[in-house]
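Those letters in the sequence shown? Residues 865 to 1000, per my numbering, in order. Below is one structure, written out as structure tokens; the observations come after it.
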Amino acid sequence: MNAQNSGVPINGPEMLTKVANFLSQYLACTQRQLAVLTLWTLHTHCFTTSPITPYLHLRSQEREAGKTVCMELLNLLCSNPWLTFGCTLAVLLAKMIQPERSTLLLDDCDPVLARTRNPVTLGLLNRGFTREQTYR
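This is how it looks when you write it as structure tokens:
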């Protein structure tokens, strides 16, 4: 049972500090990067109150920099996460038409994003960040 369902009030600043501390145990990142990850994680739990949702793009010029570890940590913390590794466009579209909203975490998404000239992929990415818009 989580605190929200038990009627116990949640201390927002304390919860954000706990999330940041958890992430910093496993990731070597700047304070700004840690703040972005922490606030983005919070946003996944309340994104329905916002007209848009920001995309988070994890990248590094170096291999083995911790991007997958970061995705795995976000998978533990985000609301209704769906972590996928190198999924195809067909799988991505199938997931997006399901009625429940998921926090989509695309790891090793080069196969999908390399085809951004594909109008279906472009449409999904261009419309997927808004609450009111749906991709058809």
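Backbone N, C-alpha and C define an ideal beta-carbon position, used for all residues, glycine too. The model shown is predicted, which means the values in this text are computed figures rather than measured ones.
Around the CB of Cys910, fewer than 16 other CB atoms lie within 10 Å, so the residue is classed as exposed.
Between Ser914 and Pro945, the C-beta spacing is not below 8 Å. A straight line joining the alpha-carbon of Leu898 with that of Phe886 spans about 10 Å.
Here the alpha carbon of Cys893 sits roughly 10 Å from the alpha carbon of Leu901. Here Pro918 carries a coil assignment [DSSP, helix/strand/coil]. The closest CA to that of Ser924, considering only Thr917, Ile916, Cys934 and Pro918, is found on Cys934. In the DSSP assignment, Pro873 falls outside any beta strand (DSSP E) and carries neither an H nor an E. Relative to Leu938, the option among Thr912, Ala929 and Trp904 whose CA is nearest is Trp904. By a beta-carbon distance limit of 8 Å, Val872 does not contact Leu941. Their separation comes to about 19 Å. Around Leu968, the same chain offers Trp946 as residues with beta carbons nearer than 6 Å, after the five sequence neighbours per side are excluded.
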